[in-house]
Amino acid sequence: MSSGLRFCLVALTVALTCLTAHAFAKKPLELWSFFYYDGTAFVAGRPAPLTPFVAVRDGFLPVVETREERITEVKMPEGTGALVGICYVQSHGGKLQASGGYDPVPMLPVQVLSGDKAVAAAQSDSNGYFVVNLPPGTYRISGNNRFTEVTVAKGKVIFAPLRVGKRMVD
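In case it helps, mature numbering (1 follows the signal peptide of the UniProt record, and there is no 0) puts the sequence shown at residues -23 to -1, 1 to 147.
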């Protein structure tokens, strides 16, 4: 076999290998799952534009964002899990019509307790969300004298809505 033909076969093999690898590769955004808080629970899917959401990807810390193009990848420390929460005040309608809803509580200090011992602290962001990286275990989350209990597993992301108040509108 001539060297020119051998070169063409090698080049063709390399090109086909690269095209196959490219075809099977996912775009970075396709590797993330999206969740948003609807007032009662975290729901899978993309919310309305410029509405806060949580982007989750295996092996990476969750990201709270309002635009997909700003998602930054940060590896989750080995042997840990992550907790994503939202601090909110539940709101209801007045005399004429009952309507459900919620108002996020920004800049609220949040403590993560194991038993009676504080193991982590966070503060909700401008949209009421907070993210904490924790070792596996059962924890109580405390904010504004309200509590909720969660169990964090290795390599997993746990969602925890934390209702810190209730507002009745007349």
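All residues carry an ideal CB built from backbone N, CA and C; glycine is no exception.
Close Cβ partners of residue i (< 7 Å) along its chain, the five nearest in sequence each way excluded
i      : result
Arg123 : Leu139, Arg140, Val141
Tyr79  : Gly16, Tyr65, Val66, Gln67, Ser68
Environment of residue i [buried if 16+ CB atoms lie within 10 Å]
i           : result
Met53       : buried
Val134      : buried
Pro39       : buried
Ala130      : exposed
Gly114      : exposed
Val127      : buried
Ser101      : buried
residue 153 : Outside the shown range of the chain, which is -23 to 147, sits residue 153, and nothing can be said about it.
Gly16       : exposed
Sequence-distant residues of the same chain with beta carbon closer than 6 Å to residue i, five excluded per side
i     : result
Ala99 : Val87, Phe107, Val109
Tyr14 : Ile63
DSSP three-state assignment for residue i, whether helix, strand or coil
i        : result
Leu27    : coil
Glu126   : strand
Arg(-18) : helix
Leu85    : coil
Glu42    : strand
Arg47    : helix
Cβ-Cβ separation, residue j to residue i (assumed contact under 8 Å), whole Å
i      : j     : result
Ala21  : Phe30 : Between Phe30 and Ala21 the Cβ distance is about 10 Å, and since that is not below 8 Å, they are no contact.
Gly120 : Leu85 : 5 Å
Ser68  : Val33 : Not confirmed; about 27 Å, so no contact.
Val82  : Val61 : At roughly 15 Å, the Cβ-Cβ gap does not stay under 8 Å, so Val82 and Val61 are not in contact.
Ile118 : Ala95 : The pair is not a contact, with the Cβ atoms about 11 Å apart (cut-off 8 Å).
Other residues of its chain near residue i: CB distance less than 8 Å, five sequence neighbours each side excluded
i           : result
Gly36       : Lys52, Met53, Gly132
residue 148 : Given that the chain is displayed from residue -23 to residue 147, the structure contains no residue 148 and the question cannot be resolved.
Arg58       : First, the residue type needs correcting, since residue 58 is Gly and not Arg in the sequence shown. Closer than 8 Å at the Cβ level, and outside the excluded window around Gly58, lie Asn110, Leu111, Pro112, Pro113, Val129, Ala130, Lys131, Gly132, Lys133, Val134, Ile135.
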